[in-house]
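There are 2 protein chains.
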Amino acid sequence: MGPGREFDRIRRLLGEAHASLADDVLVGPGDDAAVLAPDLVVSSDMALEGIHFRLDWITPHEAGGRAVAAAISDLAAMGAGLLGVLASVALPGGEEWEERGDRFMAGIRDRTEELGGALLGGDLTRSPAGLVADVVALGRTRRPLRRSTARAGEELWVTGQLGAAAAAVELWSGGGTPPPELRRRYTHPEPRIGPALWLVRTVGASAGLDLSDGLAGDASHMAAASGVRLILDESRIPVDPHPEVTLELALHGGEDYELLVALPGGAATQARVEEFEEVFDLSLTRIGRVEPGEGVWIQSDEGSPPRLMDRGGHDHFREDGGPTL
Amino acid sequence: MGPGREFDRIRRLLGEAHASLADDVLVGPGDDAAVLAPDLVVSSDMALEGIHFRLDWITPHEAGGRAVAAAISDLAAMGAGLLGVLASVALPGGEEWEERGDRFMAGIRDRTEELGGALLGGDLTRSPAGLVADVVALGRTRRPLRRSTARAGEELWVTGQLGAAAAAVELWSGGGTPPPELRRRYTHPEPRIGPALWLVRTVGASAGLDLSDGLAGDASHMAAASGVRLILDESRIPVDPHPEVTLELALHGGEDYELLVALPGGAATQARVEEFEEVFDLSLTRIGRVEPGEGVWIQSDEGSPPRLMDRGGHDHFREDGGPTL
Numbered sequence: 109m110g111p112g113r114e115f116d117r118i119r120r121l122l123g124e125a126h127a128s129l130a131d132d133v134l135v136g137p138g139d140d141a142a143v144l145a146p147d148l149v150v151s152s153d154m155a156l157e158g159i160h161f162r163l164d165w166i167t168p169h170e171a172g173g174r175a176v177a178a179a180i181s182d183l184a185a186m187g188a189g190l191l192g193v194l195a196s197v198a199l200p201g202g203e204e205w206e207e208r209g210d211r212f213m214a215g216i217r218d219r220t221e222e223l224g225g226a227l228l229g230g231d232l233t234r235s236p237a238g239l240v241a242d243v244v245a246l247g248r249t250r251r252p253l254r255r256s257t258a259r260a261g262e263e264l265w266v267t268g269q270l271g272a273a274a275a276a277v278e279l280w281s282g283g284g285t286p287p288p289e290l291r292r293r294y295t296h297p298e299p300r301i302g303p304a305l306w307l308v309r310t311v312g313a314s315a316g317l318d319l320s321d322g323l324a325g326d327a328s329h330m331a332a333a334s335g336v337r338l339i340l341d342e343s344r345i346p347v348d349p350h351p352e353v354t355l356e357l358a359l360h361g362g363e364d365y366e367l368l369v370a371l372p373g374g375a376a377t378q379a380r381v382e383e384f385e386e387v388f389d390l391s392l393t394r395i396g397r398v399e400p401g402e403g404v405w406i407q408s409d410e411g412s413p414p415r416l417m418d419r420g421g422h423d424h425f426r427e428d429g430g431p432t433l
Numbered sequence: 109m110g111p112g113r114e115f116d117r118i119r120r121l122l123g124e125a126h127a128s129l130a131d132d133v134l135v136g137p138g139d140d141a142a143v144l145a146p147d148l149v150v151s152s153d154m155a156l157e158g159i160h161f162r163l164d165w166i167t168p169h170e171a172g173g174r175a176v177a178a179a180i181s182d183l184a185a186m187g188a189g190l191l192g193v194l195a196s197v198a199l200p201g202g203e204e205w206e207e208r209g210d211r212f213m214a215g216i217r218d219r220t221e222e223l224g225g226a227l228l229g230g231d232l233t234r235s236p237a238g239l240v241a242d243v244v245a246l247g248r249t250r251r252p253l254r255r256s257t258a259r260a261g262e263e264l265w266v267t268g269q270l271g272a273a274a275a276a277v278e279l280w281s282g283g284g285t286p287p288p289e290l291r292r293r294y295t296h297p298e299p300r301i302g303p304a305l306w307l308v309r310t311v312g313a314s315a316g317l318d319l320s321d322g323l324a325g326d327a328s329h330m331a332a333a334s335g336v337r338l339i340l341d342e343s344r345i346p347v348d349p350h351p352e353v354t355l356e357l358a359l360h361g362g363e364d365y366e367l368l369v370a371l372p373g374g375a376a377t378q379a380r381v382e383e384f385e386e387v388f389d390l391s392l393t394r395i396g397r398v399e400p401g402e403g404v405w406i407q408s409d410e411g412s413p414p415r416l417m418d419r420g421g422h423d424h425f426r427e428d429g430g431p432t433l
């Protein structure tokens, strides 16, 4: 876990429970998901209308699909395969919500099946205001990919291109309509389960997480959890090439659900990277390095001194009370 | 699953997913919890302020404890032991909610530990209105106690005494204050994990569930899932002896979290029942029988003809839109 009020609170509230963890809990609170012996991974992810999504921007079916993809992305972030999900949904009263609720649940079911999982159950109840969903994803791994195990001397790599989902949100927020290719990156994020398994098995990824809060914020979680400093090369950040996407959005926008991993120096050879990109039709980019120290730093080019980055990630509890969408 | 709009919807929405259930899903949607091979049980239970609890009636710490006990009760209903829980919580903005959220989470953590489980993780986010929690309980069982396996010829038994929690809600709803002994039955429900294991192992319970919706409603779930008719002996229903508690509340009130089980005829001998009551300090009462047919029926005494019962259970989606508290 990194800095930030939400994480501080979760850590504080869960902290004392660590002592009572049973022997068959291999990874408890604090990582992307819990790992239960021998190899079960469990994660939960809550999505509230008006906070995490808006039904004047996307359809209920898309919102359901996003909610479940976000939960499953936490499995990818642990290097786990998908077994199934449980979805708890609360709906306001009224007929329009019957229909919306059905479409939302269908979105959850369809996306779960598309990703090869089973919808295992859940809970359906009433909400006093807005649609609320909590999705629990269950998966399996023999080699959990922790966020706390990055070591000085390693390389930082990221899958895919960043900033498109945040650009869609920015356009909607300004009253506009995002073009289809940006819209889809927001409505249909891809949990990177296959790529994560490859990164663990083929190039020995030593640490990793999924980018839900934004590269800067999530990198700070890895730095804090691993007790290291991360240095990003600004010129290497794979900013989505669409003209609406800026470096700022790639660094701070969130919602990309790509993977950030630490790899042993030299493990990702050019041949390996080409293999990865061919198999997954997805880029894999070295964006920095792990050093002794703390925090996330960025440097404009190889020669210039690194600057400490503002965390700036997505934080539902940030002081300014600004929109989190 | 029994009749009722909520169940129909869940069944309809989850139904198609059955086909894709992986081999290692032993029990999918439709029972109290999902069972994963070899023996893992998972259940989720959502609690929303204003729908499932009110913070002018009970403290945030009590509300957290109730939310987690309700989720763990689903494990008991499956004959499973507790491993741990994940709690997703959404809070409105504002300082009073910081404090309330902390107390709510502490209630979840304390009750989980009291019940021998570990808090495995969760999610903390913002809510546009009211506190929302979703608690996922994880447990283990080698012999799942299904709700769909009651057979004609068996006896119906119930643990504990019914109606006290609903009486507390009725008093609050009328502007009163429940006495401490009723209040506690609402704020501090006991998941019957030990009793459930005993009922499965010692007297071979063949089917069971926990009473969250009320005896009438939950019995109708068992009748529908098992394809049988259940006949209740009105005079045998163990109504809580407090003067505020009525038979009506015991039948329709909900929130008791006691167990309803089907036992093979004659399995629960007087000696066994005495053993149970001594070990668990909890009553065990035969309240009826399982017959071929459908629905839940009640008879005033042994000689009189059974009448078909109004289901009347707690239903968050019932047409009248009445309060579900």
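Line order of the protein sequences matches chains A and B.
Numbering-wise (the numbering used here), the first sequence opens with residue 109 and increments by one.
Numbering-wise (the numbering used here), the second sequence opens with residue 109 and increments by one.
For every residue, glycine included, the Cβ atom is placed at its ideal position computed from N, Cα and C.
Quiz item: For Ile395 (chain A), does the three-state DSSP call read helix, strand or coil?
Solution: What you label residue 395 (chain A) is simply residue 287 of the first sequence in a count that begins at 1. Strand at Ile395 (chain A).
Self-check item: One or two residues paired with Arg153 (chain A) in a DSSP bridge
Solution: In the first sequence, counting from the first residue as 1, residue 153 (chain A) sits at position 45. Reading off the sequence shown, one finds Asp at residue 153 (chain A), where the question assumed Arg. DSSP lists A:Val243 as partners of Asp153 (chain A).
Quiz prompt | Beta-carbon proximity of Leu156 (chain B) to Ser235 (chain A), cut-off 7 Å | solution = Within the second sequence, numbered from 1, the residue matching residue 156 (chain B) stands at position 48. Within the first sequence, numbered from 1, the residue matching residue 235 (chain A) stands at position 127. Yes.
Quiz item: In this structure, does DSSP put Asp147 (chain A) in helix, strand or coil?
Solution: By one-based count along the first sequence, residue 147 (chain A) stands at place 39. Coil at Asp147 (chain A), not helix or strand.
Quiz item: Which residues, in order along the segment 141 to 163 of chain B, keep a beta-carbon less than 8 Å from a beta-carbon of chain A?
Solution: Ala141, Ala142, Leu144, Leu148, Val150, Ser151, Ser152, Asp153, Met154, Leu156, Glu157, Gly158, Ile159, His160
Quiz item: If we cut at 7 Å on Cβ distances, does Arg489 (chain A) have a partner in chain B?
Solution: As shown, chain A starts at 109 and ends at 433. That puts residue 489 (chain A) outside it, with no answer to give.
Quiz prompt | Three-state secondary structure assigned by DSSP to Asp182 (chain A) | solution = The sequence position of residue 182 (chain A) within the first sequence is 74, counting from 1. The answer is helix: DSSP assigns Asp182 (chain A) an H, G or I state.
Exercise. Establish whether the CB of Gly238 (chain A) and some CB of chain B are separated by less than 7 Å.
Key: Looking up residue 238 (chain A) in the first sequence gives position 130. Answer yes: the Cβ-Cβ gap between Gly238 (chain A) and chain B drops below 7 Å somewhere.
Exercise. Please classify His144 (chain A): is it buried, with 16 or more other beta-carbons within 10 angstroms of its beta-carbon, or exposed?
Key: The count along the first sequence starts at 1 and reaches residue 144 (chain A) at position 36. It should be noted that the sequence gives Leu, not His, for residue 144 (chain A). Per the 10 Å Cβ criterion, buried.
Self-check item: Contact set for Ala214 (chain A): own chain, Cβ-Cβ below 8 Å, skip 5 residues either direction
Solution: In the first sequence, residue 214 (chain A) corresponds to position 106, counting from 1. Hits under 8 Å: His169, Gly172.
Exercise. Would you mind working out which of A:Ala260, A:Asp147, A:Glu262, A:Glu386 sits nearest Gly189 (chain A), comparing C-alpha positions?
Key: Numbered from 1 along the first sequence, position 81 holds the residue referred to as residue 189 (chain A). Of the candidates A:Ala260, A:Asp147, A:Glu262, A:Glu386, the one whose C-alpha sits nearest the C-alpha of Gly189 (chain A) is A:Asp147.
Practice problem: Quick one: residues in its chain with C-beta nearer than 6 Å to the C-beta of Leu359 (chain A), no 5 flanking neighbours on either side, listed in chain order? | Solution: Here residue 359 (chain A) refers to the residue found at position 251 when the first sequence is read from its first residue. Here the set comprises Leu323, Ala324.
Exercise. Per DSSP, which residues does Thr233 (chain A) bridge with? Please list them.
Key: Here residue 233 (chain A) refers to the residue found at position 125 of the first sequence. In the DSSP output, where bridge partners are listed per residue, Thr233 (chain A) has A:Ala198.
Quiz prompt | Cα-Cα separation, Arg415 (chain B) to Glu356 (chain B) | solution = Within the second sequence, the letter at position 307 stands for residue 415 (chain B). Within the second sequence, the letter at position 248 stands for residue 356 (chain B). In a straight line, the C-alpha of Arg415 (chain B) is about 15 Å away from that of Glu356 (chain B).
Quiz prompt | Beta-carbon contacts of Ala327 (chain A) that lie in its chain and below 6 Å, excluding the five residues immediately before and after | solution = For the purposes of this step, residue 327 (chain A) is taken as residue 219 along the first sequence, with counting starting at 1. Within the same chain, Ala327 (chain A) has close Cβ partners Leu338, Val404.
Quiz item: Alpha carbon to alpha carbon, how far is Met186 (chain A) from Glu298 (chain A)?
Solution: One-based indexing of the first sequence puts residue 186 (chain A) at position 78. One-based indexing of the first sequence puts residue 298 (chain A) at position 190. Their backbone Cα atoms lie some 15 Å apart in a straight line.
Quiz item: When the Cα of Glu399 (chain A) is compared with those of A:Glu342, A:Gly201, A:Ala260, which residue comes out closest?
Solution: As a position in the first sequence, residue 399 (chain A) is number 291, starting the count at 1. Residue A:Ala260 is the option with its Cα nearest to Glu399 (chain A).
Exercise. Rank B:Val243, B:Leu223, B:Ala226 by C-alpha distance to the C-alpha of Asp153 (chain A) and give the top, closest one.
Key: Reading the first sequence from its first residue, position 45 is the one you call residue 153 (chain A). It is B:Val243.
Quiz prompt | Unbroken beta strand (DSSP E) run spanning Asp341 (chain A), endpoints | solution = The residue given as residue 341 (chain A) occupies position 233 in the first sequence. Run containing Asp341 (chain A): 337 to 341, per the beta strand (DSSP E) assignment.
Self-check item: Cut-off 6 Å between Cβ atoms - residues of its own chain near Gly437 (chain A), not counting five sequence neighbours on either side
Solution: In the structure as shown, chain A starts at 109 and stops at 433, and residue 437 (chain A) therefore has no counterpart that could be examined.
Quiz item: Would you say Ala245 (chain B) reaches chain A, if we count a Cβ-Cβ gap shorter than 7 Å as a contact?
Solution: Position 137 of the second sequence, counting from 1, holds the residue named residue 245 (chain B). So, not an interface residue.
Quiz prompt | Separation of Asp348 (chain A) from Pro287 (chain A), as counted between CA atoms | solution = Within the first sequence, the letter at position 179 stands for residue 287 (chain A). Within the first sequence, the letter at position 240 stands for residue 348 (chain A). Cα to Cα, the separation comes out at about 14 Å.
Self-check item: Neighbourhood of Phe161 (chain A) by C-beta, 7 Å cutoff - its chain only, sequence neighbours within 5 removed
Solution: Along the first sequence, read from residue 1 onward, the residue named residue 161 (chain A) stands at position 53. So the list reads Ala155, Ala171, Arg174, once near-sequence residues are dropped.
Quiz item: First and last residue of the beta strand (DSSP E) that includes Val266 (chain B)?
Solution: Here the question's residue 266 (chain B) lines up with position 158 in the second sequence. Segment 263 to 267, the beta strand (DSSP E) holding Val266 (chain B).
Exercise. Could you say which of A:Ala258, A:Arg300, A:Ala141 lies nearest to Met330 (chain A) if we only look at CA atoms?
Key: Within the first sequence, the letter at position 222 stands for residue 330 (chain A). Nearest option by C-alpha distance: A:Ala258.
Quiz item: CB Asp182 (chain A) to CB Ala141 (chain A), shorter than 7 Å?
Solution: Locating residue 182 (chain A) in the first sequence gives position 74, counting from the first residue. Locating residue 141 (chain A) in the first sequence gives position 33, counting from the first residue. Cβ atoms of Asp182 (chain A) and Ala141 (chain A): closer than 7 Å.
Practice problem: Counting only the same chain and skipping the five closest in sequence on each side, list residues whose C-beta sits under 8 Å from that of Asp409 (chain B). | Solution: Along the second sequence, read from residue 1 onward, the residue named residue 409 (chain B) stands at position 301. Closer than 8 Å at Cβ, skipping near neighbours: Asp341, Glu342, Ser343.
Practice problem: In the DSSP assignment, find the alpha helix (DSSP H) that holds Ala327 (chain B) and state where it starts and stops. | Solution: Reading the second sequence from its first residue, position 219 is the one you call residue 327 (chain B). 323 to 334 is the extent of the alpha helix (DSSP H) around Ala327 (chain B).
Exercise. Over the uninterrupted alpha helix (DSSP H) stretch that includes Asp318 (chain A), give me the two end residues.
Key: Numbered from 1 along the first sequence, position 210 holds the residue referred to as residue 318 (chain A). Asp318 (chain A) -> not in any alpha helix (DSSP H); beta strand (DSSP E) instead, spanning 315 to 318.
Quiz item: With DSSP run on the structure shown, which of helix, strand or coil describes Leu371 (chain A)?
Solution: For the purposes of this step, residue 371 (chain A) is identified with residue 263 of the first sequence, where counting begins at 1. Strand at Leu371 (chain A).
Quiz item: So, helix, strand or coil for Gly271 (chain A), using DSSP?
Solution: For the purposes of this step, residue 271 (chain A) is taken as the residue at position 163 of the first sequence. Looking at Gly271 (chain A) - three-state DSSP - the assignment turns out to be coil, as it is neither helix nor strand.
Quiz item: Near Arg217 (chain B), which residues of its chain fall below 7 Å by C-beta distance, leaving aside the five closest residues on each side in sequence?
Solution: Taking the second sequence and counting its residues from 1, the one referred to as residue 217 (chain B) is at position 109. Same-chain partners within the cutoff: Leu227.
Quiz item: Should Gln269 (chain B) go down as buried or exposed, given a rule of 16 or more other Cβ atoms within 10 Å for buried?
Solution: Here residue 269 (chain B) refers to the residue found at position 161 when the second sequence is read from its first residue. Gln269 (chain B) comes out buried.
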